[in-house]
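Visitor: In UniProt numbering, the protein residues as written are 1 to 350.
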Amino acid sequence: MTTFLPGVELSRLYYFEAVRPLLGDRPHAAARLGPGSDVLGFDTPRSTDHDWGPRLELFVDADIGELDAMLRARLPKRFRGWSTHFEPPGARVRTMADTDGPVDHYITISPWPDWCRDLLGFDPAGGLTTADWLSLPWQRLAELTGGAVFHDPDRTLSSVRGSLRWYPPDLWRYVLATQWQRLAEEEPFPARAAELGDERGAQVLTARLCREAARLMLLLSRRWPPYSKWLMASLPPGPAAWHLANALRAGNARDREDAFCTMLEILAETQNELGLAAELPATRREFFDRGCQVLGAGRFAGALCEAITDPGLRERPLTGSIDQISDSVAVLTSPPVCRAVTAAAHPIRP
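1) Where does the unbroken beta strand (DSSP E) through residue 204 begin, and where does it stop?
2) Any idea which residues DSSP pairs residue 325 with across the strands?
3) Skipping 5 residues on each side, what residues in its chain have a beta carbon closer than 8 Å to that of residue 77?
4) Using only alpha-carbon positions, find the residue among 187, 239, 136 and 30 that is nearest to residue 56.
5) Under 8 Å, with one C-beta from each stretch per pair, do the segment 156-171 and the segment 115-135 reach the 3-pair mark?
6) Rounding to the nearest angstrom, what Cα-Cα distance links residue 13 and residue 137 in this structure?
7) Counting only runs that start and end within the segment 23-105, where is the beta strand (DSSP E) found for 3 or more residues in a row?
8) Compute the distance between the beta-carbons of residue 46 and residue 8, then report whether it is under 8 Å.
9) For residue 350, which three-state DSSP category applies?
10) Mapping DSSP to helix, strand and coil, what is residue 333?
11) Quick one: Cα of residue 350 to Cα of residue 178, how far?
12) Does the beta-carbon of residue 51 have 16 or more other beta-carbons within 10 angstroms, so that it is buried, or is it exposed?
13) Using only alpha-carbon positions, find the residue among 300, 154 and 202 that is nearest to residue 281.
14) What beta strand (DSSP E) runs, 3 residues minimum, are completely inside the segment 105-155?
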């Protein structure tokens with residue numbers, strides 16, 4: 001059995017030991033960025049069945065075809081026990097395979113601005129507008145700011161990655177406000193479903209709210225929420241995550257309500273400590289006179305909106321970023337569609 005290495009570490013070794021020696025004095029930058037469980041640090045031996053192995057992104061400005069041909073002819077057929085040849089050629093999903101001929105490698109060769117445009121829909125080197133920020137899926141931001149950079153002589157990659165680490169303060173407030181509002185819209189629903197005897201409905205509604213709370217937890221921690229497969233695994237350990245798990249596994253309405261409210265109280269206190277908005281009591285309250293408890297998440301959305309100083313953001317409805325507008329894979333994986341949907345959700349001014 002070939003020894004498993006985390007994919008980013010395998011890519012680092014592959015670059016320095018197998019790829020870099022072939023490049024001579026050719027100007028370039030190198031990294032492992034973009035889609036892939038390895039970039040987010042969630043790869044395991046299971047990941048080796050597709051889109052995993054000795055691979056990296058190589059950024060050059062010229063002679064891409066000649067460079068590709070040279071690497072196909074001169075790269076080793078195996079590296080650290082793993083095949084460097086991938087099949088089928090050029091497919092969306094590729095798998096390591098043996099070859100007796102040239103290596104059909106998994107090294108993406110591209111100018112850096114072109115690569116950014118493919119992933120994000122624009123080149124962020126010139127700065128980001130409000131429209132740009134709100135049209136960027138969190139998963140894409142995680143893919144660009146995750147992984148690792150191996151060679152960046154003029155710090156172009158590092159500069160762009162640094163600019164995308166997190167939202168500017170007012171945009172952070174706006175996206176957080178939208179996330180609190182999403183919770184506010186359905187906070188009392190699990191209790192109402194349970195009151196009608198619809199236990200399965202209450203569980204489904206709680207799970208839906210827990211998804212929104214998990215995203216809020218990450219947004220408050222300045223971490224880009226990944227897509228659903230990695231969402232819960234990305235949560236920072238601590239009391240909030242523990243109570244969220246209790247809400248999901250609770251066997252009755254009261255325990256479920258208590259765990260969920262406790263978790264939201266912790267998140268509300270976190271917001272108070274961040275100083276992003278006016279401090280509010282982070283305590284649950286009765287929902288009208290119905291006998292169930294809620295945090296009143298809309299209060300925290302409102303406080304954040306009041307703290308926004310950008311007039312353009314203050315005027316926007318709380319439709320938020322593209323992930324808060326749609327969870328359609330067809331939307332989130334198409335930069336032009338992301339921009340069109342976000343623009344349609346609310347008029348966007350630069």
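Ideal Cβ placement from N, Cα and C applies to all residues, glycine included.
Guide: Inspection of the coordinates gives the following:
1) Run containing residue 204: none in the beta strand (DSSP E); it sits in the alpha helix (DSSP H), 199-220.
2) In the DSSP output, where bridge partners are listed per residue, residue 325 has none listed.
3) 83, 84, 85, 98, 99 and 103
4) 30
5) yes
6) If I take the Cα positions, the gap works out to 30 Å.
7) 29-32 and 55-59
8) no
9) Any reading at residue 350 is ruled out, since the residue's pLDDT is 48, under 50, leaving its predicted position unreliable.
10) coil
11) The pLDDT assigned to residue 350 is 48, lower than 50, so where the model puts this residue is not dependable; a value taken from the coordinates is nonetheless given after this. About 19 Å.
12) buried
13) Between residue 281 and the set 300, 154 and 202, the nearest pair of CA atoms involves 300.
14) 106-110 and 148-151
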